[in-house]
Amino acid sequence: MERKTARWVYEQARGVTAKEVAKRFRLNEHTARLVIHAIMRRTDGIRCALTGTYEKTAKGRRPVKYFSVTRLPDEYQLRGKGMDK
């Protein structure tokens with residue numbers, strides 16, 4: 545799940561919220577946050593960032609965290625059926 549999520553976020557080429565990850569992979573939001581934190585703890589060459597901004601709502605401003613992957617190792621890239629490992 546972590547590999548699929550990291551690859552999807554990398555392909556988006558922008559920051560995504562835990563709510564977007566949850567919707568894409570049919571998870572609840574808490575589980576999506578756990579997956580994001582697990583990706584951030586990995587030491588296999590993924591470069592990622594978690595940035596926070598404030599969005600304006602009817603009740604005022606609320607903090608929103610955006611997760612992005614800036615570098616993905618080669619082993620995370622999709623392989624075709626005919627390619628060698």
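When the sequence shown is numbered by the numbering used here, its final residue is 629 and no position is left out of the sequence of numbers. In this text, a Cβ means the ideal position worked out from N, Cα and C, and glycines have one as well.
Between the CA atoms of residue j and residue i - distance to the nearest angstrom
i, j, result
"Thr587", "Arg558", "22 Å"
"Tyr554", "Lys603", "33 Å"
"Ala576", "Lys563", "7 Å"
"Gly626", "Gly596", "Any answer about Gly626 is weak, because its pLDDT of 49 lies below 50 and its placement is not dependable; what the coordinates show is given next. Their backbone Cα atoms lie some 42 Å apart in a straight line."
"Lys600", "Trp552", "27 Å"
Short Cβ contact (8 Å threshold) for residue i with residue j
i, j, result
"Arg615", "Ile590", "yes"
"Ala550", "Val613", "yes"
"Arg606", "Tyr598", "yes"
Backbone secondary structure at residue i - three-state DSSP
i, result
"Arg568", "helix"
"Lys600", "strand"
Identity of the residue in the options nearest residue i by Cα
i, options, result
"Glu573", "Glu555, Thr561, Ile583 and Ala550", "Thr561"
"Met545", "Leu571, Glu599, Pro607 and Val608", "Leu571"
"Ala566", "Phe611, Ala602 and Tyr620", "Phe611"
"Arg547", "Arg568, Cys592, Leu578 and Ile583", "Ile583"
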